[in-house]
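Worksheet: the structure to be examined is printed underneath.
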Amino acid sequence: MNSVVDAALLRLVGGVLTLLVFASAIGFVMHRFSGRGPKRAMVENINARIRAWWVMASVFAISVMTGAIGSIVLFSMISLLGMREFVTLAPTRRADHRALVWCFFAVTPVEYGLIYAGWYGLFSIMIPVYIFIFVAIRVVLAGDTERFLERTATMQWGVMICVYFVSYVPALLMLRIPGFERQNAKLMFFLVLVVELSDVLQYIWGKAIGGRLIAPSISPNKTWAGFVGGTLSATAAGTVVWWATPFGPVGAATMAFVATIMGFAGGLIMSAIKRDRGVKDFGSLIDGHGGVLDRIDSLCFAAPVFFHLTRYFFAA
Amino acid sequence: MIAGILAKTSSLVCGTSVEWRCDPHSSAQRVYFGNHSSHLDFVIIWSALPAEARRLVRPVAGSDYWQRGVVRRHLADRVFHAVLISRTPGIGCRCDAAKASVRRMADEIGARCSLIVFPEGTRGVDGEVGAFKSGLFHLSRLRPDVELVPVFLENLNRILPKGEVLPVPMLSRVVFGSPLPRVPGEGKQEFLARSREALVHLQVAS
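Sequences listed follow chains A and B, in order.
According to numbering that gives the first Met the number 0, the first sequence is numbered sequentially starting from 0.
According to numbering that gives the first Met the number 0, the second sequence is numbered sequentially starting from 0.
Here you go:
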């Protein structure tokens, strides 16, 4: 197997490394001068987040560079961890147990197996068509009609968000783009970089400028300044690294912009779910960030749109 | 080694987060009493304990279940050091046999060990905490020197409900409460109601 690592991918990794070193340095300085009081707690949270970013970026970079199998294993794990957080908050009942067992132990491996096999047709309809129907059938066979639609719909949403949407990230490896053969790892890197950078930049702009909340009934942290500054600066970052994509500068800017907007919407949707269930975070697996779903909420909603736009406009 | 691996695996599968409202490293002998809703219950309490406490804790379990088959017997004897008792069918009948079991628990822990017990006697349905059987009361009478620590288990009934074989690996929570205060001269019913209350109250975040 030829390596997927080329000069452009190494430059992307190098760029992320530089950003992390820079962030850690700033975190260190802030820690030295933060003193006591409430500011201290915020600085400590920021430093915990930066440390977690080192781990997440390393795991992601390594799995991307090991080729298809590495990325598929990584994102299938993310799907399972996300599902567990989602289902924990879901209003499921005892009768839903078997349906959930299927979702965890059959649907997830098969969906990622289809990506590995390169079977695009079944990959793209299995969950929205067959699993959607299967979940409803399995629950109805269990015979408990109490809040039937709510329970069924929640499970369907769980599989859609945590498995189907997340699997679109490694699915980028399936696309055949003329002149970009064997280079799709960079596409994956581009998407994740832009979306995650957008999250970080929204946080930074929001904290730096503050101002009016964009959706006060949903999230106390999202401001207009964060939204505009974050999406625009992440789009700029995506444009700067256009050479790593098959899109060209204008195309890269457009794709990055769409990804950040979808990511922002994803963050809002997942915040609304959390608010409804009365929790602040989906979990506590990632120090400083919360759960896995708290970290990938924006990626979930950006990935499928990014995939299909790329497929429609750029793939053969 | 088996114990270590088993503890790690089970807390990983059940995504357990542990909350202590008493000193986890206390050297006091304790009776950990928990709500019972799943086969995973005692393994999860056991794996949530610090390693040194885990070596000294002995779960009380039904001999009818744990003496079936070589693997279960090995686990019960060598890994968990379980105190196996024969379960008395129904409530209130065969009082002597029940008393004998409690006396055995009190004897078996000697001067060093702790116990894990489930005072409901059997697994409840849908996460509800049932009425306590009298075993905990008699145990507290026989061993007034031992701390009674309530342990609330959340979500394990959803991870592995009664009658299911495969778990759904959701997240779970274990809360160790502070030891139950001793009330001199307290009657059996008051004691049982009070200890059940202490357990149920742990599900409210402190």
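Built from N, CA and C at the ideal position, the CB exists for glycine as well.
query: Chain-ordered residues of the stretch 158 to 171 of chain B with a beta carbon less than 7 angstroms from chain A; result: 160, 163, 165, 167, 168, 169, 170
query: Amino acids of chain B, ordered along the chain, whose beta-carbon sits closer than 9 angstroms to that of residue 83 of chain A; result: 14, 167, 168, 169, 170
query: Residue 30 of chain B beta carbon less than 8 angstroms from that of residue 145 of chain B; result: yes
query: C-alpha gap between residue 238 of chain A and residue 22 of chain A, whole angstroms; result: 21 angstroms
query: Three-state class that DSSP yields for residue 175 of chain B in the structure shown; result: strand
query: Complete runs of the alpha helix (DSSP H) confined to the stretch 2 to 49 of chain A [at least 4 residues]; result: 6 to 32
query: Where residue 125 of chain B meets chain A, residues with beta-carbon distance less than 7 angstroms; result: 93
query: Minimum C-alpha distance to residue 135 of chain B - residue among B/51, B/14, B/129, B/119; result: B/119
query: Member of A/267, A/236, A/246 whose CA lies at the smallest distance from the CA of residue 215 of chain A; result: A/267
query: Short CB-CB distance (under 8 angstroms) between residue 34 of chain B and chain A; result: no
query: Chain-ordered neighbours of residue 107 of chain A on chain B, where CB pairs are closer than 9 angstroms; result: Within 9 angstroms Cβ-Cβ: nothing; residue 107 of chain A doesn't reach chain B, min ~11 angstroms.
query: Span of the beta strand (DSSP E) around residue 29 of chain B; result: 29 to 33
query: Segment limits, alpha helix (DSSP H) that includes residue 272 of chain A; result: 247 to 276
query: Neighbouring residues, chain B, relative to residue 99 of chain A (Cβ below 8 angstroms); result: 167
query: Residues, ordered as in the chain, of the stretch 28 to 39 of chain A that lie near chain B by beta-carbon distance below 9 angstroms; result: none
query: Sub-8 angstroms separation of residue 134 of chain A and residue 98 of chain A beta-carbons; result: yes
query: One or two residues paired with residue 19 of chain B in a DSSP bridge; result: B/175
query: Per-residue contacts from residue 282 of chain A into chain B (C-beta, under 7 angstroms); result: 170
query: Same chain only: Cβ atoms within 6 angstroms of residue 18 of chain B, ignoring 5 sequence neighbours per side; result: 174
query: Residue 86 of chain A at chain B interface by Cβ criterion, 8 angstroms; result: yes
query: Exposure of residue 156 of chain B, with buried meaning 16 or more beta-carbon neighbours within 10 Å; result: buried
query: Within-8 angstroms CB hit, residue 96 of chain A to chain B; result: yes
query: Sufficient close CB pairs (3 or more, under 8 angstroms) joining the stretch 196 to 206 of chain A to the stretch 65 to 82 of chain A; result: no
query: C-beta neighbour in chain B for residue 133 of chain A, strict 8 angstroms; result: no
query: Rounded distance between the beta-carbons of residue 191 of chain A and residue 18 of chain A, thought under 8 angstroms; result: Rounded, the Cβ-Cβ distance is 13 angstroms, inconsistent with contact.
query: Beta bridge counterpart(s) of residue 58 of chain B as assigned by DSSP; result: B/115
query: Spatial distance of residue 128 of chain B from residue 36 of chain B (CA atoms); result: 8 angstroms
query: Within chain B, partners of residue 103 of chain A - CB distance below 7 angstroms; result: 167, 168
query: Within-8 angstroms CB hit, residue 154 of chain A to chain B; result: no
query: Alpha-carbon spacing of residue 104 of chain A relative to residue 222 of chain A, whole angstroms; result: 39 angstroms
query: Nonlocal neighbours in the same chain, by C-beta distance under 7 angstroms from residue 226 of chain A, ignoring five residues either side; result: 201, 213, 263
query: Spatial distance of residue 316 of chain A from residue 15 of chain A (CA atoms); result: In the structure as shown, chain A begins at 0 and stops at 315. Residue 316 of chain A is therefore absent and cannot be evaluated.
query: heavy atom of the ligand ADP below 7 angstroms from residue 223 of chain A C-beta; result: No copy of the ligand ADP appears in this structure; indeed no ligand is present at all.
query: Own chain residues within Cβ distance below 6 angstroms of residue 3 of chain A, not counting five before or after; result: 66, 184
query: Among B/137, B/166, B/201, B/189, the one whose alpha carbon lies nearest that of residue 11 of chain B; result: B/166
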